[in-house]
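Everything on this sheet refers to the single structure shown next.
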Amino acid sequence: MLKEMLHTGFGVASVIHEKIEEEVTKLEKKSKIKKDDAKSFLESLEEKGKEEDSKIKEHLKTTLKEIIDELGLATKDDLEKLKKELKK
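The sequence shown maps to residues 3 to 90 in the working numbering.
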């Protein structure tokens, strides 16, 4: 379910990005915006998108770690420690 939500979010972001590019191209063709300004604007949007993506991923990792801790689930490290102890 989480994976599907992430895919939906990325899909929405992609559609919004495409629509913004279309509108900027229209403005550029109508000479209401300079080509360099349009390019700069789109690059700025892309950079902000990458920053937000990083923030979301970090927040998601933190949240999942908290949930795992609250549920008392074993982590990879926990299982590795247990394997080592069992081999002794």
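The C-beta atom is built at its ideal place from N, Cα and C for all residues, glycine as well.
Shown here, residue 40 sits in a helix according to DSSP, grouped into three states. About 7 Å separates the beta carbon of residue 77 from that of residue 70, a gap short enough to meet the 8 Å contact definition.
Each of 15, 28 and 64 was checked against the Cα of residue 54, and the nearest Cα belongs to 15.
Separation of the CB atoms of residue 44 and residue 23 is rounded to 6 Å, and the pair is thereby assigned contact status at 8 Å.
One alpha carbon belongs to residue 87, the other to residue 74, and they sit about 20 Å apart.
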